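Structure first, commentary second.
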Amino acid sequence: MGVVSPLGETVNEYWEKLIRGESGISPITLTDASPFSCRIAGEVKGFDPVKYIDLKEARRMARFSQLAVAAAGLAIDDAGLNLSGEANDKIGVVMGNGNGGFPTTEDNARTL
1 MGVVSPLGET VNEYWEKLIR GESGISPITL TDASPFSCRI AGEVKGFDPV
51 KYIDLKEARR MARFSQLAVA AAGLAIDDAG LNLSGEANDK IGVVMGNGNG
101 GFPTTEDNAR TL
């Protein structure tokens, strides 16, 4: 399993906080929420994509994609899979999203 969530970046950390009844919901700090009536969310704070993804690749990805790829990498590690050499070119993360990440949508709206 691989978990990257507001409750932690490891399965153990996530599970421990979950069974203690901790909430990952807190005031929004990663973006300006002042224009919105809701100012709380489950943010993954302190996430460093470079721990999981090459810097060049991370710069090309929206944050939500970075989170998904990091969780997939953690799941591969947890499964004990040794993906070296050619195997690395034959795996991937497939995900669908109807409109991309919010920052990307916002940037595109400004451009228009």
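Per full-length UniProt numbering, the very first residue in the sequence shown carries number 1; after that it's consecutive. The C-beta atom is built at its ideal place from N, Cα and C for all residues, glycine as well. Here the structure is a predicted model, which is why all the values come from computation and not from measurement.
Alpha carbons only, please: which of the options is nearest the one belonging to residue i?
i	options	result
I91	D78, E106, V69	V69
S26	I19, A41, L18	A41
G2	L74, R39, E106	L74
V44	S37, E57, A79, S65	S65
G46	D54, E9, Y14, A72	E9
F102	K56, M61, D54	M61
V11	D78, K51, L55	D78
Runs of beta strand (DSSP E) lying entirely within the UniProt domain "Beta-ketoacyl synthase-like N-terminal" (1-102), each at least 3 residues, in chain order: none
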